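Participant: Encoded as structure tokens, here's the structure I'll be asking about.
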Amino acid sequence: MSRSPDVLVIGGGIIGLVTAWRAAQRGLRVTVADPQPGRGAAQVAAGMLAAVTELHYGEQTLLALNLESARRYPAFVAEIEDAAGERVGYRACGTLAVALDSDDRAHLRELHALQRRSGLDSQWLTGRECRRLEPMLAPGVRGGLRVDGDHQVDPRRLAAALLKACERAGVELRRTWAERLVVVGDRAVGATLADGSELGADQVVLAGGSLSGRLAGVPDDVLPPVRPVKGQVLRLTVPRAYAPFLSRTVRAVVRGSHVYLVPREDGELVVGATSEELGWDTTVTAGGVYELLRDAHELVPGITELPLTETLAGLRPGSPDNAPLLGPTALPGLLLATGHHRNGVLLTPVTGDALSAALTDGELPHEARPFTPRRFSPVPQEQPA
Ligand code: GLY
11 MSRSPDVLVI GGGIIGLVTA WRAAQRGLRV TVADPQPGRG AAQVAAGMLA AVTELHYGEQ
71 TLLALNLESA RRYPAFVAEI EDAAGERVGY RACGTLAVAL DSDDRAHLRE LHALQRRSGL
131 DSQWLTGREC RRLEPMLAPG VRGGLRVDGD HQVDPRRLAA ALLKACERAG VELRRTWAER
191 LVVVGDRAVG ATLADGSELG ADQVVLAGGS LSGRLAGVPD DVLPPVRPVK GQVLRLTVPR
251 AYAPFLSRTV RAVVRGSHVY LVPREDGELV VGATSEELGW DTTVTAGGVY ELLRDAHELV
311 PGITELPLTE TLAGLRPGSP DNAPLLGPTA LPGLLLATGH HRNGVLLTPV TGDALSAALT
371 DGELPHEARP FTPRRFSPVP QEQPA
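The numbering of the sequence shown is the working numbering, which starts it at 11 and goes up by one.
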């Protein structure tokens, strides 16, 4: 084995990189294994920080973590921009969720009621009030929810900044796959890499996004129950002459499908996203692009005038309860930072803090404890009397 780091992070997406950066800041020697660090789902994601507008029934525990991470975002952005010397495109622009027909309006009313019961800040607007805020909205908009606390960041710029910050903090990047976890006795002690080397480490963090459940050598009882959930996303460009096209994130459920439009300061307009359970398929399909454009066009008819600059599909790391798996597993030496599903960008600050605390103190901070991977451990069967 080559010289051992304190921590080996398997996966160099934004979750692996923030874990590595924060761990290095705490004085740990860290190596990240990934053939293309800074890539992964963040290259596709829109970067909505949508704790309030993406609230779902039964996800109150996750809501608390999402809100905590959203609260940390401004300070996190200031720190990462300072560490990397580059901007990450954070915009405190708020979100408007709108409805086009009576079914969608009923859905939005339910969401509003749930938000209020959860103590969240959102305001019901008439269609006219929505259009006053966003004049490009279709005349048919029937009402909406103004959520001034749901902001956005540019995930590509965030990934690039985290990579730079890691390099500056002395994190070693091994640009190759980790192929197999090495377990000796009852402890994870490193990994075999695709370049044939074996890298020992005191602790291993598995942060492989949707691939996290596929690492060879991980015992079945600690293998994360993570699956790929495909999302197709479009990128358009707003020419200067059309600006400001939208001033905040606009989203809706159109006939049951979620669509969102995220306007960046630099004129990029991100339109997302499908949600498809199709395994490892990342094909951009005519149907996916058609549905996104059709729904986005119903919301904002002027969108068809804009250049379509990119179509991409990525894989969200879905977990059984839609919440992440964070911290130590039942296998000593192995920690998880995966399963962030729809909230990877939002949960980046709190994940870095939680994992670096777990790596140095041995346990998760209180806000992250409900997300221990042990919640999915097989429960010992009671023996019949
Ligand atoms: N959070 C947005 C998405 O997963 O599409």
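By construction, the Cβ of each residue, glycine as well, lies at the ideal position given by its N, Cα and C atoms.
Everything numeric in this text was worked out from a predicted model, so none of it was measured.
#1: Which residue or residues does DSSP assign as beta-bridge partners of P327?
#2: Is the beta carbon of A169 closer than 7 Å to that of A52?
#3: From L303 to E278, what does the alpha carbon distance come to, in whole angstroms?
#4: Using the beta-carbon count (16 or more within 10 Å), is V28 buried or exposed?
#5: Does the Cβ of D205 have 16 or more other Cβ atoms within 10 Å, making it buried, or fewer, making it exposed?
#6: Would you say G283 touches ligand 1, meaning its beta carbon is less than 6 Å from a heavy atom?
#7: Using 10 angstroms around the beta-carbon of V355, count the other beta-carbons present and answer buried if the total reaches 16, otherwise exposed.
#8: Does V194 pass the burial test, meaning 16 or more other C-beta atoms within 10 Å, or should it be called exposed?
#9: My guess is that A30 and V19 are in contact by the Cβ rule of under 8 Å, so how many angstroms apart are they, rounded?
#10: Can you tell which of D291, R261, R274, G289 has the C-alpha that lies nearest to the C-alpha of A283?
#11: Under a Cβ-count criterion, where at least 16 other Cβ atoms within 10 Å of its own Cβ denotes burial, should T314 be classed as buried or exposed?
#12: Could you tell me the distance, in whole angstroms, from the CA atom of S257 to the CA atom of P273?
#13: Within this structure, are the beta carbons of F386 and P229 separated by less than 7 Å?
#14: How big is the Cα-Cα spacing for E189 and G223?
#15: At a cut-off of 6 Å, is R245 close to ligand 1 when judged by its beta-carbon and the heavy atoms of the ligand?
#16: Specify whether the region 140–152 and the region 54–62 touch according to this definition: at least 3 beta carbon pairs, one from each stretch, less than 8 Å apart.
#17: Look at the Cβ atom of V215, then the Cβ atom of L345, and state whether they are nearer than 7 Å.
#18: With a threshold of 7 Å on Cβ separation, who are the neighbours of F381 within its own chain once the five nearest residues in sequence on each side are excluded?
#19: Taking 6 Å as the limit between beta carbons, can you name the residues of its chain near A93, skipping five residues before and five after?
#20: With distances taken from CA atoms, which of G227, D164, E301, G129 is nearest R265?
#21: Within the continuous alpha helix (DSSP H) that includes Q53, where are the two ends?
#22: When DSSP builds the beta bridges, which residues end up paired with Y270?
#23: What number of angstroms, rounded off, separates the C-alpha of G200 from the C-alpha of I24?
#24: Between which two residues does the alpha helix (DSSP H) harbouring W31 extend?
#25: Using the Cα positions of T136 and T259, report the straight-line distance between them to the nearest angstrom.
#26: For D16, which residues in the same chain have their Cβ closer than 6 Å to its Cβ, ignoring the five residues on either side in sequence?
#27: Contact check, V54 vs G298 under 8 Å by CB: the rounded distance?
#28: Identify the continuous alpha helix (DSSP H) that holds T41 and give its terminal residues.
#29: Give the DSSP bridge partners of H161, in chain order.
#30: Tell me the DSSP secondary structure of E208 in three-state form.
#31: In the DSSP assignment, find the unbroken beta strand (DSSP E) run with Q213 in it and report its ends.
Facilitator: Result, derived from the coordinates:
#1: Taking the sequence shown and counting its residues from 1, one reaches residue 327 at position 317. Per DSSP, P238.
#2: Locating residue 52 in the sequence shown gives position 42, counting from the first residue. Locating residue 169 in the sequence shown gives position 159, counting from the first residue. A contact, by the Cβ cut-off of 7 Å.
#3: Your numbering for residue 303 matches position 293 in the sequence shown. Your numbering for residue 278 matches position 268 in the sequence shown. Cα-Cα distance, rounded: 15 Å.
#4: For this step, residue 28 is matched to residue 18 along the sequence shown. Flag for V28 reads buried.
#5: Indexing the sequence shown from 1 puts residue 205 at position 195. When all chains shown are included, D205 counts as exposed.
#6: In the sequence shown, counting from the first residue as 1, residue 283 sits at position 273. Here residue 283 turns out to be Ala, not Gly, going by the sequence shown. Because some heavy atom of ligand 1 lies under 6 Å away, the Cβ of A283 counts as near it: yes.
#7: Taking the first residue of the sequence shown as 1, we reach residue 355 at position 345. Classification of V355: buried, given that the 10 Å Cβ count is 16 or more.
#8: Position 184 of the sequence shown, counted from the start, is the residue given in the question as residue 194. It is exposed - the Cβ of V194 has fewer than 16 other Cβ atoms within 10 Å.
#9: Looking up residue 30 in the sequence shown gives position 20. Looking up residue 19 in the sequence shown gives position 9. Right, the Cβ-Cβ distance comes to about 5 Å (below 8 Å), so this counts as a contact.
#10: Working through the sequence shown from its first residue, we reach residue 283 at position 273. Measuring C-alpha to C-alpha distances from A283 to each of D291, R261, R274, G289 identifies R261 as the nearest.
#11: Position 304 of the sequence shown holds residue 314. Counting Cβ neighbours within 10 Å, T314 comes out exposed, since fewer than 16 surround it.
#12: In the sequence shown, counting from the first residue as 1, residue 257 sits at position 247. In the sequence shown, counting from the first residue as 1, residue 273 sits at position 263. The straight-line gap from Cα to Cα measures roughly 7 Å.
#13: Taking the first residue of the sequence shown as 1, we reach residue 386 at position 376. Taking the first residue of the sequence shown as 1, we reach residue 229 at position 219. No. Outside cutoff.
#14: Residue mapping note: residue 189 aligns to position 179 of the sequence shown, counting from 1. Residue mapping note: residue 223 aligns to position 213 of the sequence shown, counting from 1. Each residue's alpha carbon lies about 12 Å from the other.
#15: As a working note, residue 245 is residue 235 in the sequence shown. Because no heavy atom of ligand 1 lies under 6 Å away, the Cβ of R245 does not count as near it: no.
#16: no
#17: For the purposes of this step, residue 215 is taken as residue 205 along the sequence shown, with counting starting at 1. For the purposes of this step, residue 345 is taken as residue 335 along the sequence shown, with counting starting at 1. In contact: V215 and L345 (Cβ atoms closer than 7 Å).
#18: Indexing the sequence shown from 1 puts residue 381 at position 371. The residues are L75, A333, P334, L335, L336.
#19: In the sequence shown, residue 93 corresponds to position 83, counting from 1. A175.
#20: For the purposes of this step, residue 265 is identified with residue 255 of the sequence shown, where counting begins at 1. Of G227, D164, E301, G129, the residue nearest in Cα terms is E301.
#21: Here the question's residue 53 lines up with position 43 in the sequence shown. Q53 -> no alpha helix (DSSP H), and no H or E assigned at all.
#22: Along the sequence shown, read from residue 1 onward, the residue named residue 270 stands at position 260. Beta-bridge pairing links Y270 to R261, G282.
#23: For the purposes of this step, residue 200 is identified with residue 190 of the sequence shown, where counting begins at 1. For the purposes of this step, residue 24 is identified with residue 14 of the sequence shown, where counting begins at 1. Near 21 Å, if we compare the C-alpha coordinates of I24 and G200.
#24: Numbered from its first residue, the sequence shown carries residue 31 at position 21. Unbroken alpha helix (DSSP H) run through W31: 24–35.
#25: What you label residue 136 is simply residue 126 of the sequence shown in a count that begins at 1. What you label residue 259 is simply residue 249 of the sequence shown in a count that begins at 1. Here the C-alpha atom of T136 lies approximately 17 Å from the C-alpha atom of T259.
#26: Within the sequence shown, numbered from 1, the residue matching residue 16 stands at position 6. Spatial neighbours of D16 in its own chain (CB-CB distance under 6 Å, excluding positions within 5 residues in sequence) are listed in chain order as L38, R39, D212.
#27: Within the sequence shown, numbered from 1, the residue matching residue 54 stands at position 44. Within the sequence shown, numbered from 1, the residue matching residue 298 stands at position 288. Contact doesn't hold; Cβ gap of about 12 Å is too wide.
#28: Counted from its first residue, the sequence shown places residue 41 at position 31. Taken as a continuous stretch (DSSP letters only), T41 belongs to no alpha helix (DSSP H), being part of the beta strand (DSSP E) at 40–43.
#29: Position 151 of the sequence shown holds residue 161. The partner list for H161 (beta bridge, DSSP) reads L59.
#30: Numbered from its first residue, the sequence shown carries residue 208 at position 198. E208 falls in the strand class under three-state DSSP.
#31: Taking the sequence shown and counting its residues from 1, one reaches residue 213 at position 203. Here the beta strand (DSSP E) through Q213 covers 213–216.
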